[in-house]
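Under our numbering, read the sequence shown as residues 55 to 393, first letter to last. Heads up, the thing below is written out as structure tokens.
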Amino acid sequence: MAVNLQQAMDIGKYLVTQRLKGRKRFPLVLMLEPLFRCNLACTGCGKIQHPKEILKQNLTPEQCFAAVEECGAPVVSIPGGEPLLHPQIDEIVQGLIERKKYIYLCTNGLLLEKSLDKFQPSPYLTFSVHLDGMRELHDQCVDRKGVFDIAVKAIRAAKAKGFRVTTNTTIFEGTEPKDMQEFFDFLETLNTDGMMISPGYSYEWAPDQDHFLHREQTRTLFRQILAPYKAGEKNWNFNHNPLFLDFLTGEKDYECTPWGSPSYSVLGWQKPCYLLNEGYYSTFKELLAQTDWSQYGRASGNPKCADCMVHCGYEPTAAMDAMQPQNMARALSSVFGRS
């Protein structure tokens, strides 16, 4: 079972409540970045390009809790940087669990095994381990040999202690579909609680700008990669709303919901979304009220949005689409598994 049943029920209740209140724009996942520091320098990520004085900063637990309560999203993703470098990450996680938020702590896995004693297994806590492919490809993506083996060992250790663990994979231009299919087969042997996949987006601070996908490239590549899954030949355990997978393969045509995954960090509330560097607001209310949302998303004509198909913009759209009666049964397949 990829998506926890209680989590699916709580999110569904939240979505219905927002609609009944007449809210057009509301968050689903808060991207909470307690620091930008990292112990890797991945070629597709630009977070460590921030100035040194920014990289030294941490959000306090109190700042994290205030942002979570102000935002109100039921799910909190904790990316970075590397969150396990934060000296109070255990306090932050415990406080979010007490607030009954569903937490995805995103980690490259290097510090995971030695950090497990800081946490207790909980249905509200999932470790999301970054793996972009098998050993050679992944170590190339993170620009350091040996990281794949350390991360896989940490996944096994976390599962042995009863933690929920998912994997998070970014797929770039030049990826061989067969290689990714073999990688998914390998992940199934780890008995994780689901795989998350997303196309690489041309994050402007990333050192490598040559391997990001354009929209039609994304659809073609994901159709090829997911062909055995769509044909029922593979039963890969994805931690996704299946409607989002339909979007990646071109079976669904969604518009971005940029307010669905707001980002809060040591710099404030990022505008307009996690992937663009256009400044910050001091409050979530300002972000919602003062952003001209018509300037973002593919339909806006904004060239920065033209090729984006990343999960943080489109999974919220898929979640709302899942509330349509004709889509409910398909969406529930992510909870009860494929037949």
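We put the CB at the ideal spot given by N, CA and C, even for glycine.
Should residue i go down as buried or exposed, given a rule of 16 or more other Cβ atoms within 10 Å for buried?
{"i": "residue 337", "result": "exposed"}
{"i": "residue 344", "result": "exposed"}
{"i": "residue 155", "result": "buried"}
{"i": "residue 243", "result": "exposed"}
{"i": "residue 383", "result": "exposed"}
{"i": "residue 378", "result": "exposed"}
{"i": "residue 245", "result": "exposed"}
{"i": "residue 71", "result": "exposed"}
{"i": "residue 171", "result": "exposed"}
{"i": "residue 331", "result": "exposed"}
{"i": "residue 63", "result": "exposed"}
{"i": "residue 346", "result": "exposed"}
Nearest by alpha-carbon distance to residue i: which of the options is it?
{"i": "residue 86", "options": "201, 369, 324, 333", "result": "324"}
{"i": "residue 328", "options": "134, 360, 357", "result": "134"}
{"i": "residue 78", "options": "380, 279, 370, 307", "result": "370"}
{"i": "residue 115", "options": "138, 94, 142", "result": "142"}
{"i": "residue 364", "options": "211, 152, 310", "result": "310"}
{"i": "residue 83", "options": "224, 316, 241", "result": "316"}
{"i": "residue 335", "options": "88, 121, 65, 58", "result": "121"}
{"i": "residue 300", "options": "320, 368, 312", "result": "368"}
{"i": "residue 319", "options": "132, 123, 205", "result": "132"}
{"i": "residue 183", "options": "64, 326, 206, 61", "result": "206"}
{"i": "residue 303", "options": "282, 322, 312, 237", "result": "282"}
{"i": "residue 136", "options": "235, 161, 321, 191", "result": "161"}
{"i": "residue 236", "options": "191, 340, 200", "result": "191"}
{"i": "residue 381", "options": "200, 339, 306", "result": "306"}
Apart from the five residues just before and just after residue i, which ones in its own chain have a Cβ nearer than 7 Å to its Cβ?
{"i": "residue 265", "result": "A caution first: residue 265 carries a pLDDT of 45, below 50, which makes its placement in the model too unreliable to give a value."}
{"i": "residue 397", "result": "Since the first residue of the chain shown is 55 and the last is 393, residue 397 is not available in this structure."}
{"i": "residue 359", "result": "310, 350, 351, 352"}
{"i": "residue 342", "result": "79, 313"}
Within the continuous beta strand (DSSP E) that includes residue i, where are the two ends?
{"i": "residue 324", "result": "322-324"}
{"i": "residue 182", "result": "179-184"}
{"i": "residue 250", "result": "249-253"}
{"i": "residue 317", "result": "317-319"}
{"i": "residue 131", "result": "129-132"}
{"i": "residue 328", "result": "That residue, residue 328, is in no beta strand (DSSP E); it is neither H nor E in DSSP."}
{"i": "residue 223", "result": "218-225"}
{"i": "residue 86", "result": "83-86"}
{"i": "residue 159", "result": "156-161"}
By Cβ distance, which residues of its chain are closer than 8 Å to residue i, with the 5 residues on each side in sequence left out?
{"i": "residue 126", "result": "80, 81"}
{"i": "residue 179", "result": "147, 151, 157, 159, 173, 217, 218"}
{"i": "residue 354", "result": "348"}
{"i": "residue 392", "result": "Any reading at residue 392 is ruled out, since the residue's pLDDT is 47, under 50, leaving its predicted position unreliable."}
{"i": "residue 153", "result": "119, 122, 123"}
{"i": "residue 322", "result": "334, 335, 336"}
Less than 6 Å between C-beta atoms, sequence neighbours within five positions excluded: which residues of the same chain meet that for residue i?
{"i": "residue 67", "result": "none"}
{"i": "residue 55", "result": "The predicted position of residue 55 is uncertain, since its pLDDT is 46 and thus under 50; a value taken from the coordinates is nonetheless stated next. Cβ within range, chain order: n/a, list empty."}
{"i": "residue 269", "result": "361"}
{"i": "residue 209", "result": "183, 219, 244"}
Provide the residue span of the alpha helix (DSSP H) that contains residue i, from first to last.
{"i": "residue 68", "result": "59-74"}
{"i": "residue 377", "result": "Note, residue 377: premise wrong, no alpha helix (DSSP H); not H, not E."}
{"i": "residue 7", "result": "Residue 7 is absent from the model: the chain starts at 55 and stops at 393."}
{"i": "residue 271", "result": "269-284"}
{"i": "residue 169", "result": "166-169"}
{"i": "residue 192", "result": "189-195"}
{"i": "residue 343", "result": "338-344"}
Pair every Cβ in the region 188-199 with every Cβ in the region 165-174, then say whether three or more of these pairs are closer than 8 Å. no
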